[in-house]
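Be aware that the sequence shown starts at 2, since it is given in my numbering, and climbs by one per residue. All residues carry an ideal CB built from backbone N, CA and C; glycine is no exception.
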Amino acid sequence: MELALVTVEKITEMFLIMLAGAAAFRWKILDSASNKKMSGLLLKVISPAMLFMAYQIEFEGERLRGLLVTMALSMASFAWTIILVNRWIPLKKHEDAAIEQMATIYANCGFIGIPLINGILGIEGVFYLTAYITALNLIVWSHGQAIMRGTMELKTALKNFIQPATVAIGLGIVCFLFRIRIPEILASPLKMVGDMNTPLAMLVAGGTLAEGNLLGALKKTRAYRISFLKLILIPVISILILSLVPAERIYVMTILVAIACPTAATGSMFALQYNKNSNYASELFIITTVFSLVTIPLMVLLAGWIL
């Protein structure tokens, strides 16, 4: 219950910053171009700084074991999610099935997940979240790209896996394993930059919501089905499965919060790249983001009861 209350508190704080971002967009303080630039700054500079600093902690065998366990459970969670989604949303049954599969399988654990985990589980939670983010990047640039493109290109998948976030995680792991602590003159500014992750991510999310057509998304009944699958059914199934795993609570809670996050923005990006219905992809991103403000605390509360 205590963790659920903390989650509600953090979600409320994030929601208020999102409202500020939406208001800034409506009042033309922000526009599409500036929102895109802030998003790029977040993805290429601020989030990588935070992810790298998550590894600037004392090496412990238990932490290394936890990282490996979290990675294994993260990969397993994607496996059962993909199997279930293939049954629920067959690719050949609906013209937008690829978009709906992307929206249901992949979560926005960067923009939403990192600040939320940092708020409720602290920097150690972010440390374990890096395993889930690594698993997501591996799978979204292989399986995700394949379902949107229709075929998979290994060379392209490997190339796109090399992102600022994955580079930061890789460097962080090296420093963690070899007990390399960067000097304070570098650590302090990196930490300050990383600390901007939550407010900037929420401002960008608020601007994105204001730019999108929320009312149009709310009129599409199929979007409610996808939202139910993404935000409720898959997290509930994951809670039940992970409750059977004899793993530390922080590993399991980190994965569950990541799974409960709304649809990843990657779906909209792939839809544009491969000439899919990008408007529908954006609508699913918007509507799941709004609904997740309620569903994430509920899933954390349920997990607290069961785990």
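Chain-order list of residues whose beta-carbon lies under 8 Å from that of residue 182 (same chain, five-residue window excluded): Walking along the sequence shown from the start, residue 182 turns up at place 181. Correct list, in chain order: 57, 176 and 188.
What are the residues that DSSP puts in a beta bridge with residue 108? Taking the sequence shown and counting its residues from 1, one reaches residue 108 at position 107. Its beta-bridge partners are 264.
Comparing alpha-carbon positions, which option in 129, 295, 27 and 219 lies nearest residue 205? As a working mapping, residue 205 is identified with position 204 in the sequence shown. It is 27 whose Cα lies nearest to the Cα of residue 205.
Note down, in chain order, each residue of its chain lying with its Cβ closer than 7 Å to the Cβ of residue 278, except the 5 sequence neighbours on either side. Position 277 of the sequence shown holds residue 278. The answer, listed in chain order, is 97, 100 and 272.
Can you give me the Cβ contacts of residue 114 inside the same chain, cut-off strictly under 6 Å, excluding the 5 residues immediately before and after it? Here residue 114 refers to the residue found at position 113 when the sequence shown is read from its first residue. Closer than 6 Å at the Cβ level, and outside the excluded window around residue 114, lie 259 and 262.
Between the C-alpha atoms of residue 251 and residue 130, what's the straight-line distance to the nearest angstrom? Counting from one through the sequence shown, the residue named residue 251 turns up at place 250. Counting from one through the sequence shown, the residue named residue 130 turns up at place 129. Taking the straight line joining both Cα atoms gives about 10 Å.
Note down the Cα distance separating residue 39 from residue 25, rounded to an integer number of angstroms. As a working mapping, residue 39 is identified with position 38 in the sequence shown. As a working mapping, residue 25 is identified with position 24 in the sequence shown. The straight-line gap from Cα to Cα measures roughly 13 Å.
According to DSSP, is residue 225 part of a helix, a strand, or is it coil? Translated into positions along the sequence shown, residue 225 becomes position 224. Helix at residue 225.
Taking 8 Å as the threshold (C-beta atoms), are residue 65 and residue 248 in contact? As a position in the sequence shown, residue 248 is number 247, starting the count at 1. As a position in the sequence shown, residue 65 is number 64, starting the count at 1. Not in contact: residue 248 and residue 65 (Cβ atoms no closer than 8 Å).
Indicate the three-state DSSP secondary structure (helix, strand or coil) for residue 190 in the structure shown. Working through the sequence shown from its first residue, we reach residue 190 at position 189. In this structure, residue 190 counts as helix in the three-state DSSP scheme.
To the nearest angstrom, how far is the alpha carbon of residue 52 from that of residue 179? As a working note, residue 52 is residue 51 in the sequence shown. As a working note, residue 179 is residue 178 in the sequence shown. If you take the alpha carbons of residue 52 and residue 179, they lie about 17 Å apart.
Beta-carbon contacts of residue 45 that lie in its chain and below 6 Å, excluding the five residues immediately before and after: Taking the sequence shown and counting its residues from 1, one reaches residue 45 at position 44. Excluding residues within five positions, the ones whose Cβ falls inside 6 Å are 165.
According to DSSP, simplified to helix, strand and coil, what is residue 205? As a first step, residue 205 is located in the sequence shown; it is residue number 204 there, counting from the start. Note: residue 205 maps to helix in three-state DSSP.
Are the beta-carbon atoms belonging to residue 4 and residue 121 less than 8 Å from one another? As a first step, residue 4 is located in the sequence shown; it is residue number 3 there, counting from the start. As a first step, residue 121 is located in the sequence shown; it is residue number 120 there, counting from the start. Taking 8 Å as the Cβ cut-off, residue 4 and residue 121 qualify as a contacting pair.
Taking residue 17 as the reference, give the member of 256, 280, 199 and 217 with the closest Cα. Taking the first residue of the sequence shown as 1, we reach residue 17 at position 16. Checking every option, the nearest Cα to that of residue 17 belongs to 199.
Residue 249: first and last residue of the uninterrupted alpha helix (DSSP H) it sits in: On the sequence shown, residue 249 is found 248 positions in, with the first residue counted as 1. It is not in any alpha helix (DSSP H) - residue 249 carries neither H nor E in the DSSP assignment.
Burial state of residue 274 (16 or more Cβ within 10 Å): For this step, residue 274 is matched to residue 273 along the sequence shown. Residue 274 comes out exposed.
Rounding to the nearest angstrom, what Cα-Cα distance links residue 79 and residue 202 in this structure? Position 78 of the sequence shown, counted from the first residue, corresponds to residue 79. Position 201 of the sequence shown, counted from the first residue, corresponds to residue 202. Cα to Cα, the separation comes out at about 24 Å.
Considering only residues of the same chain and omitting the five flanking positions on each side of residue 19, which have a CB-CB separation below 8 Å? Position 18 of the sequence shown holds residue 19. If we look at residue 19 and ignore the five residues flanking it on each side, its Cβ neighbours are 203, 204, 206, 207 and 210.
I want to see whether chain C comes within less than 8 Å of residue 232, judged by CB atoms only; does it? Protein chains in the displayed structure number just one, and chain C is not present.
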